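*Asks:*
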Amino acid sequence: MSFNKTSNNAQFRKKESFGYPLWSDLDRELGLYYGAAKSKSDFFASRITVLLDPQGTWKLLYPSKVV
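When the letters of the sequence shown are read in order and numbered with our numbering, they come out as residues 13 to 79.
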């Protein structure tokens, strides 16, 4: 997920040959829910990984590591 437009994410996905979709979260709602954003004014999403099962249930969260 990122806060970029869908078209930007599609270009990035194609360039990097990702085999999965990238979510666009322009309103930061998913970012706030999953903890990738602290407020709606955040410019970037934190680098985290959230694993969902086929029903969309949150299974695992891998937060980014701050070095």
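Backbone N, C-alpha and C define an ideal beta-carbon position, used for all residues, glycine too. Quick caveat, the model's predicted, so the values are computed rather than measured.
Excluding the five sequence neighbours on either side, which residues of its own chain have a C-beta within less than 8 Å of the C-beta of Met13, listed in chain order?
*Replies:* Contacts found: Leu34, Trp35, Ser36, Asp37, Leu42, Gly43, Tyr46, Ala48 and Ala57.
*Asks:* With a 10 Å radius around its C-beta and 16 neighbouring C-beta atoms as the bar for buried, classify Phe15 as buried or exposed.
*Replies:* Answer is buried; the Cβ neighbour count reaches 16.
*Asks:* Please report how far the alpha carbon of Phe55 lies from the alpha carbon of Asp39, in whole angstroms.
*Replies:* Their Cα atoms are separated by approximately 11 Å.
*Asks:* Helix, strand or coil: how does DSSP classify Leu38 here?
*Replies:* In the structure shown, Leu38 sits in coil (DSSP, three-state: anything other than H, G, I, E or B).
*Asks:* Put Ser14 into one of helix, strand or coil per three-state DSSP.
*Replies:* Reduced to three states, the DSSP call for Ser14 is strand.
*Asks:* So, at 6 Å on beta carbons, what are the nonlocal neighbours of Arg25 in its own chain, with the 5 sequence-adjacent residues on each side left out?
*Replies:* Here the set comprises Leu34.
*Asks:* Quick check on Lys71: does DSSP put it in helix, strand or coil?
*Replies:* Strand at Lys71.
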